[in-house]
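For reference, the structure discussed in these notes is given below.
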Amino acid sequence: MFEVRDAYDLKEMTSFFKEFSYTKRRIFFYFVSSYDDKLQRMWCPDCIKSDSVILKHLDMKCLQFDGLIKLHIKRDNWNDENNKLVYKNLKFPFTKLPTLHKLEINPDGKSKVNYD
1 MFEVRDAYDL KEMTSFFKEF SYTKRRIFFY FVSSYDDKLQ RMWCPDCIKS
51 DSVILKHLDM KCLQFDGLIK LHIKRDNWND ENNKLVYKNL KFPFTKLPTL
101 HKLEINPDGK SKVNYD
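Its first residue numbered 1, the sequence shown is counted upward by one per residue in full-length UniProt numbering.
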């Protein structure tokens, strides 16, 4: 059974990752836009489309994994070149939304990111 956590900043993402790394072996990081109150939807059109596809596959249990960390990126953060999560993230690099990364944790505790 998989577990889903919603994170809204780098601190939350790191906290969930640490928690999952003790009990989970296959974790997905799903980077999407945040919900925009003015628009009454996510601010990224591609994220709106991908969200339903990802959720459909989760419901069908096509993806074999233990945990999903869904990180909601605010529009202001996405446009800020000094943002450590978006532009200076070396462990989970991404240049567009949505992005899905698979992380596998070996029994020895070492992790490997799969960018496929």
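Note that the Cβ used here is the ideal one computed from N, Cα and C, for glycine as well.
Asked                                                                                                                                                                                   : Found
CB M42 to CB S52, shorter than 8 Å?                                                                                                                                                     : no
Enumerated in chain order, which unbroken segments of the alpha helix (DSSP H) with a length of 4 residues or greater are wholly contained in the UniProt domain "Thioredoxin" (9-104)? : 10-23, 45-60, 75-79
Tell me the rounded alpha-carbon separation between T23 and E104.                                                                                                                       : 12 Å
Using a Cβ-Cβ cutoff of less than 6 Å, which residues in the same chain neighbour N83 once the five nearest sequence positions on both sides are dropped?                               : N77
In angstroms, rounded to a whole number, what distance separates the CA positions of L68 and I27?                                                                                       : 6 Å
Between the C-alpha atoms of Y8 and S50, what's the straight-line distance to the nearest angstrom?                                                                                     : 18 Å
Roughly how many whole angstroms lie between the Cα atoms of N79 and L10?                                                                                                               : 16 Å
Near F94, what residues of its chain come up, given a Cβ to Cβ distance below 7 Å and the 5 sequence neighbours on each side ignored?                                                   : F31
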